[in-house]
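The numbering used here numbers the first residue of the sequence shown as 5 and each following residue consecutively. The C-beta atom is built at its ideal place from N, Cα and C for all residues, glycine as well. The model shown is predicted, which means the values in this text are computed figures rather than measured ones.
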Amino acid sequence: MTFITTSCQPQELNVRSQNVEINIPGRPGPWLKYDNKFYCYFETDNDRFSSASNHHFYILNENGKIENQIEVPRKLQKTYYDLYLKNDTIFTTEYYDHNTYYLDKPRKTWIETNKGIDLYFEDKNYSVYSLDFGEWGGVTWFENKQTNNQFEIGATTPVVNKLKESYYLTTRNSVLKIDNPEMLDKSNEPYIYQKAVLEERFHRNGNYSTNGAEIIFEYEDKDFFNPTFSIATSFISNDKLYHLYKDSVSTKIGVVENKKLVPIYEFESKISPFRWYYDTRNPVQNNNFQSIQFRTAKDPKYGIIEINRKNIKVTYFNNTYKEPEFGEEKMNMWFENTFEKYYSDFSSLSLEQIDKIELEMSATDITQKHKISTYRLDGRDVGTPRIYRKSENENLRLITMYYYSENDKKIHLVNFEWIKNRNQNQSISDVIYSMSSKEKTETIYKQKIDWISEYLKEKLGEPNDYKTDKNVIELQWTKGDITVVLEYRKRHVELTIYNE
């Protein structure tokens with residue numbers, strides 16, 4: 005781990021950076037830094053299945069070492085959720101239904117609590133709420149704590165700061181100054197917790213008015229689909245309001261002067277700070293510090309910027325995790341040994357046994373959260389199968405599915421499926437080449453089924469049933485109550501073992 009320290013202007017802001025290596029599967033979801041630890045969601049893919057990504061939660065120390073991995077509750081296993089700090093407690097709120105949990109650090113678990121309110125800021129005078137209604141715009145409400153009257157402005161999920169007696173709302177392309185919230189439009193559709201959170205899908209048209217506010221900065225980006233400018237966040241230090249922003253050249257920290265952003269610090273590395281559009285409650289919970297994520301041009305390298313008044317710390321994470329690639333020879337040997345064991349012990353094969361076998365091979369668990377069934381086991385009490393993935397080479401991966409009974413965890417069906425390997429880091433030229441080389445791809449599968457069929461004939465004899473045409477081959481062996489089916493369809497090879 006290395007540290008580099010720089011400064012903006014003499015004693016104005018202190019910026020330092022560190023490089024940390026981690027080894028964690030998946031890609032980052034919402035993160036935050038608090039109390040010298042990183043609190044991190046990672047999302048792992050679901051391969052070819054249709055459910056949302058699997059979410060995992062880690063607590064890392066400042067050196068990037070995993071201190072705890074905490075199970076993510078089913079209600080939070082959704083596509084969109086946020087992660088935020090309020091009153092020294094870490095919360096997560098799921099985007100659509102507002103299911104909310106707080107992190108019980110001593111017990112290392114998430115505890116469900118009241119559904120999250122869309123509160124962005126509060127002081128002794130006002131509570132500030134905000135909602136994003138998508139293409140219909142957004143609204144930010146100021147509620148007077150004495151009168152309960154609400155006043156609104158057309159700012160969507162802004163970062164809220166209070167400097168002296170004025171409120172500053174920062175959106176992705178503007179900064180608004182509000183001296184007196186009572187001068188904003190009186191709200192005819194105020195924010196009500198019951199309606200916005202507890203009832204079904206609160207919706208209204210956004211407010212595009214900035215009446216009662218001064219626009220101290222606004223950037224008009226004419227390229228909607230490829231924006232070249234965005235403000236990631238704003239923060240207060242030295243009784244000044246600073247802005248962390250990215251333009252077409254680099255990422256900078258600046259201040260607004262005469263309605264223009266004037267840079268006072270430029271980051272040396274090419275980083276792109278951002279806010280997830282559904283992770284909006286962080287960093288605006290009245291804290292003197294905040295943290296914000298950033299990307300780089302290289303997928304496995306990303307990080308977090310920690311802002312604590314004048315002190316700014318940039319942590320670069322280099323994720324070295326890579327799913328193992330076993331090679332054809334090792335995978336063929338694994339299949340032979342595993343098939344022989346499964347077939348000979350099928351009547352007593354248990355979930356515990358197959359988990360041990362797969363984990364010894366360092367397979368990736370991609371078991372799904374939604375119900376998956378197979379017509380071959382109609383009428384049986386089996387749950388969603390355990391699913392593992394292993395990469396053979398750049399062309400093939402093996403998906404193995406294990407259907408088992410819920411009560412005794414006995415295996416009823418094993419399905420091996422060889423399909424095209426996914427390479428998330430492929431270049432566009434690689435993808436085009438892959439699409440244009442169908443003949444080569446089909447040859448790989450034909451070679452695979454020829455090898456498997458010869459192996460099965462050696463072990464089980466000639467098949468009881470054989471079907472073939474130009475694009476389909478199906479072989480079936482039945483011995484006693486165990487059936488083995490081998491299928492080929494151009495770019496797909498599948499082997500199934502099950503008991504009748």
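Looking at the DSSP output, Ser-409 shares a beta bridge with Val-386. Non-local C-beta neighbours of Val-76 in its own chain, meaning closer than 6 Å and more than five positions away in sequence, comprise His-59 and Phe-61, ordered along the chain.
Taking 3 residues as the shortest admissible run, the region 263-296 contains the following complete beta strand (DSSP E) segments, listed from N- to C-terminal end: 264-270 and 276-278.
In this structure, the alpha-carbon of Thr-48 lies about 12 Å from that of Tyr-325. Around the CB of Pro-34, 16 or more other CB atoms lie within 10 Å, so the residue is classed as buried.
The Cβ neighbour count for Ser-351, taken over all protein chains shown within 10 Å, is under 16; the residue is labelled exposed.
For the 8 Å CB-CB criterion, Glu-462 and Lys-471 do not form a contact.
Assignment of Leu-89 by DSSP, reduced to helix, strand and coil, places it in the strand class. Taking every protein chain shown into account, the CB of His-416 has 16 or more other CB atoms within 10 angstroms, so this residue is buried. Across the set Ser-57, Pro-467 and Glu-491, the C-alpha of Glu-491 shows the shortest separation from the C-alpha of Lys-452.
For Trp-338, the enclosing alpha helix (DSSP H) begins and ends at 332-348. Here the region 83-93 makes no contact with the region 62-72; the two share fewer than three CB pairs at distances below 8 Å.
In the structure shown, Lys-168 adopts coil according to DSSP, grouped into three states.
Counting C-beta atoms within 10 angstroms of its own C-beta, Tyr-172 has 16 or more neighbours from the protein chains shown and is therefore classed as buried. Boundaries of the beta strand (DSSP E) around Leu-248: 244-250. When the alpha-carbon of Arg-493 is set against those of Thr-174, Lys-345 and Val-476, the nearest one is in Val-476.
Contact between Gly-141 and Asn-211 holds: CB atoms are separated by about 7 Å, below the 8 Å threshold. Looking from the CA of Asn-292, the closest CA among Lys-37, Tyr-130, Arg-20 and Thr-117 belongs to Lys-37. Trp-114 and Ile-74 have their alpha carbons spaced roughly 8 Å apart. The C-alpha of Tyr-45 lies about 6 Å from the C-alpha of Pro-32. The three-state reading of DSSP puts Tyr-502 in strand, counting E and B together.
The three-state reading of DSSP puts Val-253 in coil, since its state is none of H, G, I, E or B.
In terms of CA proximity to Ser-134, Val-143 leads the group Asn-177, Val-143, Lys-128 and Asp-127.
Between Ile-275 and Phe-298 a beta carbon distance of about 4 Å is seen, short of the 8 Å cut, so the two are scored as contacting.
In the pairwise beta carbon analysis, the region 319-333 is classified as touching the region 22-31: at least three pairs are separated by under 8 Å.
Taking 8 Å as the cut-off, the beta carbon of Ser-213 is found no closer than this to the beta carbon of Asp-183. Every beta strand (DSSP E) stretch that sits fully inside the region 450-489 and reaches 3 residues is listed by chain position as 469-472 and 477-483.
Within its own chain, the residues whose Cβ lies closer than 8 Å to the Cβ of Gln-81, once the five positions on either side in sequence are excluded, are Ala-56, Asn-58, His-59 and Lys-373, listed in chain order. Beta-bridge partners of Trp-35 (DSSP): Cys-44.
At a Cβ-Cβ threshold of 8 Å, Ile-486 and Asn-503 count as neighbours.
Collapsing the DSSP output to three states places Ile-370 in coil. Under the DSSP assignment, Asp-359 falls in the alpha helix (DSSP H) whose first and last residues are 355-364.
Looking at the DSSP output, Ile-182 shares a beta bridge with Tyr-171. Cβ neighbours of Thr-237 within its own chain (closer than 8 Å, five residues either side excluded): Val-163, Thr-174, His-247, Leu-248, Pro-277, Arg-279, Pro-287, Gln-294, Ile-296 and Ile-311.
Rounded to the nearest whole angstrom, the C-alpha separation of Glu-327 and Ile-370 is 13 Å. Membership of Phe-125 in the beta strand (DSSP E) is indicated by the continuous run 123-126.
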